[in-house]
Amino acid sequence: MRVAVVSMDTVATRDTPAVRRTRRVAADLAARGHDVHWLCAQWWGGEIGQFEQDGIEHHAVTERPSPGRFRSKLPFVLRRVDPDLVHAVSVPPGHATTAKTTAAMLRVPLVLDWWERDPERGSGRRYRKAATRADHVIAPSETVRTAVREHGASDVNVRVIPESIDVDLVRSADADDRFDMVWARALDDDANVGEFLLALAELRDRDWRAAVVGDGPARGDAERMAADLRIDDRVHFLGDLDDEEFVPVLKGSHVFAQTATYEPFATELLWALACGCVGIVEYQAGSSAHELVEGLDRGRLVTSPQELADEIVACGDLPEWERNDGFAGFDHDEVLDEWVDCYEAAIDGYGWL
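Quick look at the structure:
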């Protein structure tokens, strides 16, 4: 299968969860022998217009990120690639619309991967146009699927394909038992890590050790808050960890807390649940995290730091696990099968009912 990925951004120019998702899908497709071409702004040095990395052929549509110029030059590069299918990202939305126009001329389908709507990179009208014109739309969660439908996409054209994890790593990694509880996410404006710290402060008189994994502009405030709450001697800020470092910490911990106010897909929570942690999620309207723990024996939903603290105590009676095979279906290979099925159905002209 010859797939053209349309994303001006790459991890080299804009390292976000949405771009990392696109990168992983593209690399996994290439590893399976598919012919994958990424149409992007040039991020490599020199004057060559194409560059191959990890089996992906990158095509420089523009010399640098420039949404308007990228959109004007995209049709020419897309025609030259001549794909069987176009995979476009939702941000910026104008790129997806342009890609759809060109794909229609090439008589190939366009699958739109909708992670989020970034209002700073497109108007509501443009996002609605991208959602309604795509042949099929992929969302990482039901929460995002609802948002896509609110932008005009029909129910039959929107499918959920979640994020994925390396289940073999979960099974093979050793456990790092330094911590009882873990919180993990980028420490940005949506992190809301203060709710976790407030819950820990309620448990100040108990014996525990906690880790905060992740980095970002909100880290300094979080560290100061931990000090003000007089729990900084037991809350360890570990910074960013790669998967090989993160998984042992999760396997050795008993509880994972999720408090972010915005999360299209709670990937860190998924890793934690697969590593046997009890997942405690503070419900937030802008987060899909609750979807992973609803109806789960080792999952809890709360609405405040006090409830979070109470559930941490209550979950102490649950056995400690180092993995949960109930999440094996989220393995990279299993989820990639869903992407391939989606592409094949789009090419064959069949729906997903």
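Under numbering that gives the first Met the number 0, the sequence shown has 347 at position 348, and the numbering climbs by one with no breaks.
Ideal placement from N, C-alpha and C gives every residue a C-beta, glycine not left out.
Where His94 is concerned, there is no enclosing beta strand (DSSP E), although the alpha helix (DSSP H) around it starts and stops at Pro92 to Leu105. In the DSSP assignment, Gly219 falls within the unbroken alpha helix (DSSP H) covering Arg218 to Asp227.
For Trp37, DSSP records a beta bridge to Val4 and His57. Around the Cβ of Leu317, a 10 Å sphere holds fewer than 16 other Cβ atoms; the residue is exposed. Residue pairing by DSSP puts Trp182 in a beta bridge opposite Val211 and Ala256. If you draw a straight line from the Cα of Trp320 to the Cα of Ser171, it is about 14 angstroms long.
Between Arg148 and the set Ala40, His36, Ala130 and Val334, the nearest pair of CA atoms involves Ala130. Within the same chain, Cβ atoms closer than 6 angstroms to the Cβ of Tyr342 are found at Leu84, the five residues on either side in sequence being excluded. Val280 is positioned such that its CB atom lies no closer than 8 angstroms to that of Pro161.
The beta carbon of Asp189 sits closer than 6 angstroms to the beta carbons of Ala259, Thr260 and Tyr261 from its chain, once the five residues preceding and following it are set aside; these are given in chain order.
Take Thr96, set aside five residues on each side of it, and the residues of its chain with a beta-carbon closer than 8 angstroms to its own are Arg125, Lys128, Ala129 and Arg132, in chain order. Annotation: the continuous beta strand (DSSP E) that includes Glu281 extends over Val277 to Glu281.
Fully contained in the stretch 132-197 are the following alpha helix (DSSP H) runs of length 4 or more, in chain order: 141-149 and 166-171. Boundaries of the alpha helix (DSSP H) around Glu244: Asp242 to Lys250.
Taken through DSSP and simplified to helix, strand or coil, Asp309 comes out as helix. DSSP, reduced to helix, strand and coil, places Ser71 within a helical segment of the structure shown. In the three-state reduction of the DSSP assignment, Asp330 falls in the strand class.
Around the C-beta of Thr302, fewer than 16 other C-beta atoms lie within 10 Å, and the residue is accordingly described as exposed. A buried status is given to Met7, since no fewer than 16 other beta-carbon atoms sit within 10 Å of its beta-carbon.
If you ignore the 5 residues before and after Pro247, its C-beta comes within less than 7 angstroms of the C-beta of Ala172, Asp173, Ala174 and Asp175, all in its own chain and listed in chain order. A distance below 6 angstroms between beta-carbons, with the five flanking residues on each side excluded, links Gly275 to the following residues of its chain, in chain order: Trp320, Glu321, Arg322 and Asn323.
Taking Phe245 as reference, the option from Leu268, Leu38 and Val10 with the minimal CA-CA separation is Leu268. A distance below 8 angstroms separates the beta carbons of Leu237 and Ala210. According to the DSSP assignment, Asp112 belongs to no alpha helix (DSSP H) but to the beta strand (DSSP E) extending over Leu109 to Asp112. Between Ala198 and Ala265, the C-beta gap is not smaller than 8 angstroms, which leaves the two residues out of contact. As a beta-bridge residue in DSSP terms, Leu84 pairs with Val2. Cα atoms of Met104 and His235: separation of roughly 55 angstroms, rounded to the nearest angstrom. Taking a 10 Å sphere around the C-beta of Gln257, we find 16 or more other C-beta atoms and assign the residue as buried. Of the residues Ser287, Asp242, Val312 and Val181, the one whose Cα lies closest to the Cα of Asp165 is Asp242. Taking each of Asp214, Trp43, Ile47 and Thr100 in turn and checking the Cα distance to Val5, the smallest one comes out for Thr100.
The C-alpha of Val159 is placed about 23 angstroms away from the C-alpha of Arg297. In the three-state reduction of the DSSP assignment, Val18 falls in the helix class, which pools H, G and I.
Taking 8 angstroms as the upper bound for CB-CB distance, Arg68 and Pro91 are not in contact here, some 12 angstroms apart.
Bridge partners of His235 according to DSSP: Ala210. The three-state secondary structure of Arg299, taken from DSSP, is strand.
Note: Tyr261 is bridge-paired with Gly285 in the DSSP secondary-structure output.
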